[in-house]
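Asks: Quick note on numbering: the sequence shown equals residues 38 to 196 in my numbering. Idealized CB from N, CA, C, for every residue including glycine.
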Amino acid sequence: MKIFLPLLGFLFSIQAFSQNTSFVRLMVNDSSDHAQSAFQLSSGDYFLLFNTNSSGQGKKDFGVTRTDGLGNVKWSYTYGKSNNDSATQMKPTSDGGAIVCGYSEGSLNDKDGFVSKVASDGTLQWSRSFKTDSSEQIFDVIQSFAGDYYACGYSKVDS
Numbered sequence: 038m039k040i041f042l043p044l045l046g047f048l049f050s051i052q053a054f055s056q057n058t059s060f061v062r063l064m065v066n067d068s069s070d071h072a073q074s075a076f077q078l079s080s081g082d083y084f085l086l087f088n089t090n091s092s093g094q095g096k097k098d099f100g101v102t103r104t105d106g107l108g109n110v111k112w113s114y115t116y117g118k119s120n121n122d123s124a125t126q127m128k129p130t131s132d133g134g135a136i137v138c139g140y141s142e143g144s145l146n147d148k149d150g151f152v153s154k155v156a157s158d159g160t161l162q163w164s165r166s167f168k169t170d171s172s173e174q175i176f177d178v179i180q181s182f183a184g185d186y187y188a189c190g191y192s193k194v195d196s
């Protein structure tokens, strides 16, 4: 009986935490691509955030892909400037788009934080950079109920 109870608890925990898989897709352009963040819209579509070296925009860029509920790609775009641009987080916005944050590397290897707004059709609506004489990175961003955006990160001050 002592062995049966722990085994029953283990079997129950497996059943309680197992989830059904909606779809599995491999979406890779280059061996250096990596997924960073994802969320599902109320429509069932998914937004996927990734960083890539294969886009041709510059060195390293970030991209957003929108799929339907089965993982079929509706659109996929990359965004970036001439130097390395790396996204760290993406969150949904009230208009069905996404807000993305991260950092861009300058010519002197300093980093400037950014927040970019991507529309529901993949259009880059706007992008804001945060730069000082030091190095900044933005790690998370949200949209408030009032529609404002709040970002957090850090600024490295050289002494």
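1. Whole angstroms is fine: what's the gap from Asp21's alpha carbon to Gly190's?
2. Can you find the residues in the same chain that come closer than 7 Å, C-beta to C-beta, to Pro43, ignoring five residues on each side of it along the sequence?
3. If contact is defined by three or more beta carbon pairs under 8 Å, each pair taking one atom from either stretch, is the segment 137-152 in contact with the segment 105-112?
4. Starting from Leu161, trace the beta strand (DSSP E) both ways and give me its first and last residue.
5. For Thr130, does the three-state DSSP call read helix, strand or coil?
6. What residue range does the beta strand (DSSP E) around Val137 cover?
7. Who are the Cβ neighbours of Gln162 in its own chain at under 6 Å, not counting the five residues just before and after it?
8. CA-CA distance, Thr125 and Ser119?
9. If you count every other CB in all the chains shown that lies within 10 Å of the CB of Ala135, and 16 or more means buried, which is it?
10. So Gly139 and Asp122 are in contact, right, with Cβ under 8 Å, and what is the actual spacing, rounded?
11. Could you compute how far the alpha carbon of Ile179 sits from the alpha carbon of Thr130?
12. Just the Cα atoms here: how many angstroms apart are Ser79 and Leu145?
13. For Lys206, name the three-state secondary structure that DSSP assigns.
14. In terms of residue numbering, what span does the beta strand (DSSP E) encompassing Asn90 cover?
Replies: Answer, in terms of the structure:
1. What the structure shows of the chain is the stretch from 38 to 196, and residue 21 is not part of that stretch, so it cannot be assessed.
2. Per-residue confidence for Pro43 stands at a pLDDT of 45, beneath the threshold of 50, marking its modelled position as unreliable; no derived number is given.
3. The answer is no - the segment 137-152 does not touch the segment 105-112, with fewer than three Cβ pairs under 8 Å.
4. Leu161 to Phe167
5. coil
6. Ala135 to Glu142
7. Lys154 and Ala156
8. 18 Å
9. buried
10. Gly139 to Asp122, Cβ: 7 Å. Contact.
11. 8 Å
12. Looking at the two C-alpha atoms, the distance is approximately 42 Å.
13. Residue 206 cannot be examined here, being either before or after the span of the chain that is shown, 38 to 196.
14. Taken as a continuous stretch (DSSP letters only), Asn90 belongs to no beta strand (DSSP E), as it is neither H nor E.
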